[in-house]
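Encoded as structure tokens, the structure appears first; notes follow it.
This is how it looks when you write it as structure tokens:
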């Protein structure tokens, strides 16, 4: 239950920032709010920013709301410590973790091997409901796309994709995106806020709950939904650690791929992580000039710097890099583009995924013809580059990144 307190209509004039912070902190202490999820949804949140105790506020309809922390934000060790802090043995934290990730219950009351008092404490101090289903769309190829609502009325997309080998889940890491790729629906409306690790985790848990109904499991995870995961680096890495935990969903590291637009400092940082998780780069052009036109982020992190960071990553990890290349008719899909890209990737341990661009009504770009796609593939292959054309999934339900959310935003 959120802590609420009425605020006068002219609170901006009658209550300065210091007074408002005092209200928030004292209310949080009274409610035993130890940690709250991170979000910024109003002018007042922007002005105040993060407080030292990591409590955040939401101004809505002149009510100050202090949110309870989302339990999926906590690691096994943190839940064990929470249990001890509340007079319980540490193994109770392990039982809670098991209920969340193995039994995958949706409420604390279902955690039947916990005492009623402990379940009540969980309910008082944590939230378990991260997502509210707004829309569900199913494709004839088995792809299922969800639009989920968050606690602050924002919406995010999650996609379950059916493959011969199992099911993959594509998750979102931010509400909106600030990267600004000119062919992508995700960037429409800009970046609203980062997701917490728990909000990313909840997407996979919810997907697994759905698959449980037909006796299937999440086989792989791709972090290729809305947002730039390497601009939400800490939450993304925390999410990954929760996903691979042997006492949780236990997803194999090599069955997880994180995709970035080329945030160079984070690529270097990722190279230092002790992980076998796959790295993919949205490249979309073979040179600086064209990439800057398609991806404004290239002005911050130029093409050559991205390639250099990837060479460092490979030298450090010995792992292959995947390149995502969206083919746009008459823009980046000509033979000379393929030849130039092949030259850049020569002698790199890599794989190129060619992706026919999805039509976005707000964008002017068109799809590459089938003949041009195959010709692009042939040129790369003839130059020794490992290349495939990505199998399209969910095309009939606009399953590409950001399309469903953009439609939802348009409808208001």
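Residue numbers (my numbering): 47 to 458.
Backbone N, C-alpha and C fix where the C-beta goes; we use that ideal spot for every residue, glycine too.
These figures come from a predicted structure and were not determined experimentally.
| In chain order, each alpha helix (DSSP H) run of at least 4 residues that lies wholly inside the segment 143-224 | Given a length threshold of 4 residues, each whole run of the alpha helix (DSSP H) inside the segment 143-224 is given here in chain order: 162-171.
| field | For residue 374, the three-state DSSP class (helix, strand or coil) | value | Of the three classes helix, strand and coil, the one that applies to residue 374 here is strand, per DSSP.
| For residue 202 and residue 217, the rounded distance between their alpha carbons | Distance between the alpha carbons of residue 217 and residue 202: 9 Å.
| Between the C-alpha atoms of residue 116 and residue 231, what's the straight-line distance to the nearest angstrom? | Spanning the two alpha carbons is a distance of roughly 29 Å.
| message | Give me, in chain order, the residues of the same chain whose beta-carbon lies closer than 6 Å to that of residue 99; leave out the 5 immediate sequence neighbours on both sides. | response | Only weak support is given to the placement of residue 99: the predicted model assigns it a pLDDT of 37, under 50, and the value that follows is read from those uncertain coordinates. So no residue of the chain qualifies.
| request: Have a look at residue 261 and residue 379 and give me their C-alpha separation to the nearest angstrom. | output: When rounded, the separation of the alpha-carbon atoms in residue 261 and residue 379 is 42 Å.
| Of the residues 295, 331, 188 and 291, the one placed nearest residue 123, counting alpha carbons only | Considering only alpha carbons, the answer is 291.
| Taking the Cβ atom as the reference point for each residue, do residue 268 and residue 282 lie within a distance shorter than 8 Å? | Result no, Cβ atoms of residue 268 and residue 282 do not sit closer than 8 Å.
| query | Over what stretch of residues does the alpha helix (DSSP H) that includes residue 328 continue unbroken? | reply | Where residue 328 is concerned, there is no enclosing alpha helix (DSSP H), although the beta strand (DSSP E) around it starts and stops at 324-328.
| Can you list, in chain order, the residues of its chain whose CB lies under 8 Å from that of residue 150, leaving out five sequence neighbours each side? | Counting only residues of its own chain and dropping the five nearest sequence neighbours on each side, residue 150 has a CB closer than 8 Å to the CB of 251, 254, 255 and 258.
| message | Going by C-alpha to C-alpha distance, which of 360, 288, 428 and 307 sits closest to residue 243? | response | The residue with the shortest Cα to Cα distance from residue 243 is 288.
| task | Quick one: grab the DSSP three-state call for residue 69. | result | Because residue 69 sits at a pLDDT of 46, beneath the cut-off of 50, its placement in the model cannot be relied upon, and the following sentence gives the value as read from the coordinates. Here residue 69 carries a helix assignment [DSSP, helix/strand/coil].
| task | Would you list the residues sitting across from residue 116 in a DSSP beta bridge? | result | Residue 116 is bridged to 173.
| query | What do you reckon, are the CB atoms on residue 154 and residue 177 nearer than 8 Å? | reply | Not a contact, by the Cβ cut-off of 8 Å.
| request: Return helix, strand or coil for residue 269, following the three-state DSSP convention. | output: Here residue 269 sits in strand by DSSP.
| message | Measuring alpha carbon to alpha carbon, tell me which residue in 189, 147 and 312 is nearest residue 121. | response | Checking every option, the nearest Cα to that of residue 121 belongs to 147.
| query | Hey, out of 388, 317 and 411, whose CA is closest to residue 365's CA? | reply | When each option's Cα is compared against that of residue 365, the closest is 317.
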